[in-house]
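Asks:
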Amino acid sequence: MNARNLLLGIVAAALIALPFVYRQPYHLHVMVLILIWSFAYTSWSVMGRFGLVSLGHGGFMGVGAYVTALLWNHLGVSPWIGIPLALLAAGALALVVAYPCFRFRIIGHYFALVTLALSGIVLQVITATRDQTGGSLGYTPERTKGSLLVALQFDDKETWYLIALAVWAAGLVIWYWVDRSMMRYAMEAISEDEDAAAAAGINVTAEKLKITLLSAVMTALAGALYCQYQMFISPDTVSGISVSLQMVFAAVVGGIYVALGPTVGAIITIMLAEGLRIGFGTQAVGWDNLIYGVLLVLFIIFLPKGILGSLLERMRAPGKS
Amino acid sequence: MLVVKGLIKRFGGFTAVNDVSFKVDKGEILGLIGPNGSGKSTIFNMLSGTFRPSAGSIVFEGSEIAGLAPHKIINRGIGRTFQIPRPFRRLSIFENVALAGYFGQGGHSRAKADSSAERALAAVGLPTDRRARVDGLGAAALKKLELAKALATEPTLLLADESLGGLDEHEMDQAADMLRRIRDELGITIIWVEHIMGVLMRVVDRVIVLDHGEKIAEGLPAAVVNDPKVIEVYLGTDAHATRAVAAAAAR
């Protein structure tokens, strides 16, 4: 076992052991949130790192959360079946939106705009069907008495921490898997020059669809997980444009070209949101979004590789800036 | 090997290629020449799948390929280069070529793609070192990289687009020799689209001359350069090319 694997093992063991040693509920709660959002941001960056900037991922997250909760409340379908169905729904939605975009070469800013519309539409649908979804007031999956595995409901934070940790780790594994696959080369080529990529034999539309589908389904899983953990979802917290923008912001700030970049982004955004909430209370509602917006612009201009990306680069090449 | 019949391409009201037919035999180097705007690049883009023909057929080794997507055409064994080299700068030289080797052969085996890439790089004389970057390559080396990418897809027919533009005389000779070697040693049939005629005439087996989207001459290089129609086209448009035609004829 080399030093790298040893370090990885120690960090993994420490992360798994943490809730058994440290049980402060609020801190565990913040950590669960960070893990779930890290996974969501990682999902976004799986495609975002190749220049496919989606402002519609809030929509996929919303589908993941709402489909799971609606199936449970209205049809009594266990989340163990409901979540896969929600992922299928998000995947189908991704194909419906992305296929025409890719087929007709809607790229760059135009792609971002189309996906922005997707966020808006999902938000509108949730609000319009308020009799079923609770509209903008939010929605609560029906509670079981105590923890119940079938309902994927657990009262203790430790269980949720471990679930969130496993899903987050799976997200990183997927990120690495993409990074080492030929898919990455294809996407790098496509992001530089679609015609030249096609001339190298790449089915440009199919490759872009594959990565979009993967990213959308992962994001929907983050939504479903968030729903089961918080037991309350509203259009503002799991879908809609502000959630989409928050994903872009966090991923860019952390660094979209490195695996742990989105995780760093999540730590920063969640800390910021929680800090504002505790420090300023209801006076600061919406401040985090304002700060995200300003910081996003600053980062794109001055630190496009993000905090972690720039840091790692500096460590690898000391002396060069 | 390739039979093109009645190929037409219209862009709105403008007819860029009008009823062009020709054949390519296995193992030959066919030159496709003509002044700017004569339709040679448009034909090229239809052969490679970038444009869908308005009418006509392109039959490659017995099956119709007109209108197929570019990646499908490459998977059938038609590779192409671009007039202006289009390397992927975020990837290394080797990755550029291995990528084409992988996807160009249908995306089955990375090991096979890597060995195709190594062969292709060796064939054009670029380093097979896996880390070498694209940045810093000169015009001639970028053309070689472009060619290596096309070769890595293991084509039986290579479409070479204006591979001499931007090179000095010595580099032009080298590039032309390389195309001939690719045909001789790798057995790849070549359609070579070129604006610069002199060097091309020395290497190709047969020439097709286009003007205003129509085929105006076809035949052996020596015969074509003496064709009055060809001389008129080149005299009227490009004095430099005319001198090149004359020089080639003299040889």
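Quick note, the sequences are listed as chains A and B, same order.
According to this note's numbering, the first sequence holds residues 1191 to 1511 in order.
According to this note's numbering, the second sequence holds residues 669 to 919 in order.
Cβ coordinates follow ideal geometry from the N, Cα and C atoms, glycine included.
(1) In whole angstroms, give me the CA-to-CA distance for B:Leu736 and B:Phe728.
(2) Starting from B:Val893, trace the alpha helix (DSSP H) both ways and give me its first and last residue.
(3) Nearest to B:Leu832 by CA position, among B:Gly774, B:Ala843 and B:Asp687, is which residue?
(4) Short check: CB of A:Ala1414 to CB of A:Gly1246, under 8 Å?
(5) Assign A:Tyr1329 to one of three DSSP states: helix, strand, or coil.
(6) B:Leu759 by DSSP, collapsed to three states: which one?
(7) Run down chain B in chain order and give the residues with a C-beta less than 8 Å from the C-beta of A:Asp1369.
(8) Would you kindly check if the distance between the Cβ of A:Gly1238 and the Cβ of A:Ser1429 is under 8 Å?
(9) Residues in the region 1390-1402 of chain A with C-beta within 9 Å of chain B's C-beta atoms, listed in sequence order?
(10) Less than 8 Å between the beta carbons of A:Gly1272 and A:Leu1261, yes or no?
(11) Only counting runs of 4 or more residues, tell me where the alpha helix (DSSP H) segments fall wholly within the region 1393-1444 of chain A, in order along the chain.
(12) Any beta-carbon of chain B closer than 8 Å to the one on A:Met1372?
(13) So, for B:Lys812: in the same chain, excluding its five sequence neighbours on each side, which residues have a beta-carbon less than 7 Å away from its beta-carbon?
(14) In or out: B:Pro889 buried (at least 16 other Cβ within 10 Å) or exposed?
(15) Is the beta carbon of A:Ala1406 less than 8 Å from the beta carbon of A:Leu1225?
(16) May I ask you to report which of helix, strand or coil DSSP gives B:Lys673?
(17) If you draw a straight line from the C-alpha of A:Lys1495 to the C-alpha of B:His838, how long is it?
(18) Measure the beta-carbon distance from A:Gly1391 to B:His739 and round it to whole angstroms, keeping in mind my assumption that it falls under 8 Å.
(19) Who are the near neighbours of A:Thr1459 in its chain, counting only those whose CB is closer than 8 Å to its CB and skipping five residues on each side?
(20) Short of 9 Å Cβ to Cβ, which residues in the region 1443-1456 of chain A face chain B?
(21) Less than 6 Å between C-beta atoms, sequence neighbours within five positions excluded: which residues of the same chain meet that for B:Ile726?
(22) Is it buried or exposed, B:Asp845, if we count other Cβ atoms within 10 angstroms and call 16 or more buried?
(23) Cutting at 6 Å between CB atoms, please list the residues of its own chain near A:Lys1510, excluding the five before and the five after it.
(24) Listed from N- to C-terminal order along the chain, which residues in the region 739-770 of chain B have their beta-carbon within a distance smaller than 7 Å of any beta-carbon of chain A?
(25) Run the CB neighbour count on A:Phe1470, radius 10 Å, all protein chains shown included, and call it buried at 16 or more, exposed below.
(26) Tell me which residues share the same chain as A:Thr1258 and place their Cβ nearer than 6 Å to its Cβ, disregarding the 5 neighbours each side in the sequence.
(27) I'd like to know whether the C-beta of B:Gly772 is nearer than 8 Å to at least one C-beta of chain A.
(28) Give me whichever residues DSSP pairs with B:Leu878 in a beta bridge.
(29) Is the beta carbon of A:Tyr1256 closer than 8 Å to that of A:Leu1399?
(30) Is the distance from the Cβ of B:Ile697 to the Cβ of B:Asp687 below 8 Å?
(31) Taking the continuous alpha helix (DSSP H) assigned at B:Ala820, which residues delimit it?
(32) Taking A:Arg1504 as part of the alpha helix (DSSP H), name the residues at either end of that continuous run.
(33) Locate the alpha helix (DSSP H) running through A:Asn1192, then write down its first and last residues.
Replies: So, to answer that:
(1) For the purposes of this step, residue 736 of chain B is taken as residue 68 along the second sequence, with counting starting at 1. For the purposes of this step, residue 728 of chain B is taken as residue 60 along the second sequence, with counting starting at 1. Going by the C-alpha atoms only, they are around 12 Å apart.
(2) Position 225 of the second sequence, counted from the first residue, corresponds to residue 893 of chain B. From DSSP, the alpha helix (DSSP H) with B:Val893 extends over Pro889 to Val893.
(3) By 1-based counting over the second sequence, the position of residue 832 of chain B is 164. Among B:Gly774, B:Ala843 and B:Asp687, the Cα nearest to that of B:Leu832 is on B:Ala843.
(4) Locating residue 1414 of chain A in the first sequence gives position 224, counting from the first residue. Locating residue 1246 of chain A in the first sequence gives position 56, counting from the first residue. Cβ atoms of A:Ala1414 and A:Gly1246: not closer than 8 Å.
(5) For the purposes of this step, residue 1329 of chain A is taken as residue 139 along the first sequence, with counting starting at 1. A:Tyr1329 falls in the strand class under three-state DSSP.
(6) Here the question's residue 759 of chain B lines up with position 91 in the second sequence. In this structure, B:Leu759 counts as coil in the three-state DSSP scheme.
(7) As a first step, residue 1369 of chain A is located in the first sequence; it is residue number 179 there, counting from the start. Ordered by position in chain B, no residue passes the 8 Å Cβ test against A:Asp1369, which lies about 13 Å from the chain.
(8) Along the first sequence, one-based indexing puts residue 1429 of chain A at 239. Along the first sequence, one-based indexing puts residue 1238 of chain A at 48. Against a cut-off of 8 Å, the Cβ pair of A:Gly1238 and A:Ser1429 comes out as no contact.
(9) Ala1390, Gly1391, Ile1392, Asn1393, Val1394, Thr1395, Ala1396 and Glu1397
(10) On the first sequence, residue 1272 of chain A is found 82 positions in, with the first residue counted as 1. On the first sequence, residue 1261 of chain A is found 71 positions in, with the first residue counted as 1. Result yes, Cβ atoms of A:Gly1272 and A:Leu1261 sit closer than 8 Å.
(11) 1394-1420, 1425-1428 and 1430-1444
(12) Along the first sequence, read from residue 1 onward, the residue named residue 1372 of chain A stands at position 182. Judged by the 8 Å Cβ criterion, A:Met1372 is in contact with chain B.
(13) As a working mapping, residue 812 of chain B is identified with position 144 in the second sequence. Once the five neighbours on either side are set aside, the close Cβ partners of B:Lys812 are Val792, Gly793 and Leu794.
(14) Position 221 of the second sequence holds residue 889 of chain B. By the 10 Å Cβ count, B:Pro889 comes out buried.
(15) Taking the first residue of the first sequence as 1, we reach residue 1406 of chain A at position 216. Taking the first residue of the first sequence as 1, we reach residue 1225 of chain A at position 35. A:Ala1406 is not a Cβ neighbour of A:Leu1225, given a cutoff of 8 Å.
(16) Numbered from 1 along the second sequence, position 5 holds the residue referred to as residue 673 of chain B. Looking at B:Lys673 - three-state DSSP - the assignment turns out to be strand.
(17) Here residue 1495 of chain A is taken as the residue at index 305 of the first sequence, counted from 1. Here residue 838 of chain B is taken as the residue at index 170 of the second sequence, counted from 1. Straight-line Cα distance between these residues: approximately 43 Å.
(18) Counting from 1 along the first sequence, the entry for residue 1391 of chain A is found at position 201. Counting from 1 along the second sequence, the entry for residue 739 of chain B is found at position 71. About 5 Å separates the two Cβ atoms, so the contact holds.
(19) Mapped onto the first sequence, residue 1459 of chain A falls at position 269. Excluding positions up to five away in sequence, the list reads Trp1227, Gln1436, Phe1439, Ala1440, Val1443, Asp1478 and Tyr1482.
(20) none
(21) Against the second sequence, residue 726 of chain B aligns to sequence position 58. Cβ neighbours of B:Ile726 beyond the five flanking positions: Val672, Ile733 and Ala734.
(22) Taking the first residue of the second sequence as position 1, residue 845 of chain B is located at position 177. So B:Asp845 ends up on the exposed side.
(23) Within the first sequence, the letter at position 320 stands for residue 1510 of chain A. At A:Lys1510 the pLDDT is 45, less than 50, meaning the model places this residue with poor confidence and gives no usable figure here.
(24) His739, Ile742, Asn743, Arg748, Phe750, Arg754, Phe756, Arg757, Arg758, Leu759, Glu763, Leu767, Ala768 and Tyr770
(25) Here residue 1470 of chain A corresponds to residue number 280 of the first sequence, with the count starting at 1. Exposed, by the Cβ-count rule.
(26) Start at 1 with the first residue of the first sequence, and residue 1258 of chain A comes out as number 68. Cβ within range, chain order: Pro1269, Gly1272, Ile1273, Ala1276, Ala1414 and Cys1417.
(27) Here residue 772 of chain B corresponds to residue number 104 of the second sequence, with the count starting at 1. So yes, B:Gly772 belongs to the interface.
(28) Along the second sequence, one-based indexing puts residue 878 of chain B at 210. Note: B:Leu878 sits in a beta bridge opposite B:Lys883.
(29) Sequence index remark: in the first sequence, residue 1399 of chain A carries index 209 (1-based). Sequence index remark: in the first sequence, residue 1256 of chain A carries index 66 (1-based). Not closer than 8 Å, so no.
(30) Start at 1 with the first residue of the second sequence, and residue 697 of chain B comes out as number 29. Start at 1 with the first residue of the second sequence, and residue 687 of chain B comes out as number 19. Their beta carbons are not under 8 Å apart, which means B:Ile697 does not touch B:Asp687 by this criterion.
(31) For this step, residue 820 of chain B is matched to residue 152 along the second sequence. Start and end: Ala807 to Ala820.
(32) For this step, residue 1504 of chain A is matched to residue 314 along the first sequence. From DSSP, the alpha helix (DSSP H) with A:Arg1504 extends over Gly1496 to Arg1506.
(33) By 1-based counting over the first sequence, the position of residue 1192 of chain A is 2. No alpha helix (DSSP H) contains A:Asn1192, which DSSP labels as neither H nor E.
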